[in-house]
Amino acid sequence: GGLPTNRTRVVTSEFLKSAMEKAEQLGRPKRLRVQIFDTGAPISFSAAENYLALALGNLLSNAVKHSPEGGLVSITCKPTGKDELLFTVADQGEGIPQVLLEKIFDPFFRVDSARNRVAGGVGIGLSLARAMAALHGGAIKAESSPGKGSQFHLTISQAFS
């Protein structure tokens, strides 16, 4: 509640392109493909862009870390019809067991602490993403199938503007 929310006009196409370029840099050593799936005309909305970029950046960083060599990380953004925008980041990684999907947003929680010591991170990225979604009147949730990858869905309210 105490974070300053300096809102600016953000255009989805520019925002996603910037996020994709950063993810491509992270994924270069693993030869990952990062793709934006086109969802139509660009949408202009009001947001605390630096906080929203932090949330999406955390999701993309995790997708890159947990994707296999040569895999695909995708980003989409579309209106939901409820005055919300839905951002989805998907990977082809090892997935997350169903019983842990709610816990992954808890601060300092890591699905496999031994694996994450190698991959890096301290377990606050997803809790920060949840806080940044809430700051924008939205939420975050995950879907995953072990061995098939994960999808993270972040919504923000367009009424936030």
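All residue numbers for the sequence shown refer to this note's numbering, where the first residue is 4 and numbers rise by one. Every residue gets a Cβ at the ideal spot worked out from N, C-alpha and C, and that includes glycine.
Would you call the segment 65-74 in contact with the segment 141-151, where contact means no fewer than 3 C-beta pairs closer than 8 Å? Output reads no: the segment 141-151 does not touch the segment 65-74.
The segment 46-65 contacting the segment 17-27, beta-carbon criterion three pairs below 8 Å: Under the three-pair Cβ rule at 8 Å, the segment 46-65 counts as touching the segment 17-27.
Nearest to residue 160 by CA position, among 67, 16, 55 and 126, is which residue? The shortest Cα separation from residue 160 among 67, 16, 55 and 126 belongs to 55.
Less than 7 Å between C-beta atoms, sequence neighbours within five positions excluded: which residues of the same chain meet that for residue 152? Excluding the 5 residues flanking it on each side, residue 152 has same chain C-beta neighbours closer than 7 Å at 93, 94, 95, 96 and 98, in chain order.
Look at the Cβ atom of residue 50, then the Cβ atom of residue 13, and state whether they are nearer than 7 Å. In contact: residue 50 and residue 13 (Cβ atoms closer than 7 Å).
Evaluate the contact criterion for the segment 77-84 versus the segment 101-109: three or more CB pairs, one atom per stretch, below 8 Å. Contact between the segment 77-84 and the segment 101-109 is absent: fewer than 3 CB-CB pairs across the two stretches fall below 8 Å.
Just to confirm, is the Cβ distance from residue 158 to residue 87 under 7 Å? Their beta carbons are under 7 Å apart, which means residue 158 touches residue 87 by this criterion.
With DSSP collapsed to three states, give me the class of residue 83. Coil, per DSSP.
Write down the C-beta distance between residue 42 and residue 85 rounded to the nearest angstrom, noting that I regard them as a contact closer than 8 Å. At roughly 16 Å, the Cβ-Cβ gap does not stay under 8 Å, so residue 42 and residue 85 are not in contact.
According to the neighbour-count rule (16 or more other Cβ atoms, all chains shown, within 10 Å of its Cβ), is residue 150 buried or exposed? Around the Cβ of residue 150, a 10 Å sphere holds fewer than 16 other Cβ atoms; the residue is exposed.
Tell me the start and end of each unbroken beta strand (DSSP E) in the segment 5-31 that is at least 3 residues and wholly inside, in chain order. As far as the segment 5-31 is concerned, its whole beta strand (DSSP E) runs of at least 3 residues are 11-14.
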